[in-house]
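Encoded as structure tokens, the structure appears first; notes follow it.
Numbering (the working numbering), first residue to last: 277 to 527.
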């Protein structure tokens, strides 16, 4: 640990930084004015160290967040063919994006974190863009089975930076942000006189996440029990089959 102590030398008082190192073998503290050991092995130094901009640069908690707003304009239509019923739908959606990045000290109170997270100086806003979703559903003739396929953001909407923190600051963004397409397929089957419906769906490709290098690909299944038109009970579960860091269970 580091302490500033006042010593008197030649009739003058001088403030000196003294670094104390604990020796577990002798259960004693040894003081020195050499900061080398303190800066290379002290947790106190690591927690309190700041860069030239006042941000923690050794031990810290990194918070990255993204807010994506969409206003979908939708249209869908069904067509009857000899093979069954085909339904097609489209979403054309204006999209707005804001990202936030901030470093917090280890041990900082949750109240201070909430106050700091309101700062707009760590936000990057992007110019609005347009996204496109397409969907298709098929019900084979003389069955109640429904097959579906959805493609989201199939035009790979790209956001250009509108405002961002200054270069060198936490959260500074120098390039654009692109959202890759996502594709999901599913099937639903009614059973027990249409009182219960079983559904299964899955991502067809791996998708990027906010964690660098981490991918996601979900598969899910569920049951819906609807004994009356005004009441339904649902139960389901899903699992990420692509994650390499989070493999501890199922949602």
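Yeah, the Cβ is synthetic: ideal placement off N, Cα and C, and Gly gets one too.
These numbers come from a predicted model, not from an experiment.
With C-beta atoms as the reference, is residue i less than 8 Å away from residue j?
i           : j           : result
residue 413 : residue 374 : no
residue 441 : residue 398 : yes
residue 428 : residue 466 : no
residue 439 : residue 455 : no
residue 489 : residue 476 : no
residue 496 : residue 510 : no
residue 481 : residue 500 : no
residue 449 : residue 400 : yes
residue 361 : residue 354 : yes
If we define contact as Cβ-Cβ less than 8 Å, is residue i a contact residue for chain C?
i           : result
residue 500 : Structure shown: chain C not included; a single protein chain is present.
Thinking residue i and residue j are a contact (beta carbons under 8 Å), I'd like their distance in whole angstroms, please.
i           : j           : result
residue 405 : residue 371 : 5 Å
residue 363 : residue 417 : Their Cβ separation, rounded to whole angstroms, is 14 Å, which puts residue 363 and residue 417 out of contact at 8 Å.
What is the residue span of the beta strand (DSSP E) that residue i lies within?
i           : result
residue 409 : 405-416
residue 468 : Here residue 468 belongs to no beta strand (DSSP E), and DSSP marks it neither H nor E.
residue 506 : Premise fails: residue 506 is in no beta strand (DSSP E) and is neither H nor E.
residue 480 : Counting along the chain, residue 480 falls outside any beta strand (DSSP E), and DSSP gives it neither H nor E.
residue 399 : 399-402
residue 356 : 349-357
residue 302 : Unbroken run through residue 302: none, as it is neither H nor E.
residue 341 : 337-346
residue 493 : Run containing residue 493: none; DSSP gives neither H nor E here.
residue 370 : 360-380
If I measure Cβ to Cβ from residue i and keep anything under 8 Å in the same chain, skipping five residues before and after, which residues do I get?
i           : result
residue 529 : In the structure displayed, the chain extends from 277 to 527; residue 529 sits before or after that span and is not available.
residue 451 : 437
residue 485 : 491, 492
residue 508 : 500, 501, 502
residue 468 : none
Spatial neighbours of residue i within its chain, please: C-beta separation below 6 Å, excluding the five flanking residues on both sides.
i           : result
residue 339 : 378
residue 479 : 460, 493, 494
residue 434 : 452, 454
residue 415 : 360, 361, 422
residue 411 : 365, 426
residue 341 : 376
residue 356 : none
residue 403 : 436, 438
residue 483 : 458, 492
residue 367 : 348, 350, 409
residue 516 : 492, 494
residue 506 : none
Please return the same chain residues whose Cβ sits closer than 7 Å to the Cβ of residue i, not counting the five positions on each side in sequence.
i           : result
residue 518 : 482, 491, 492, 493
Give the list of continuous beta strand (DSSP E) stretches no shorter than 3 residues that lie fully inside the stretch 415-441.
Here the runs fully enclosed are 422-428, 437-439.
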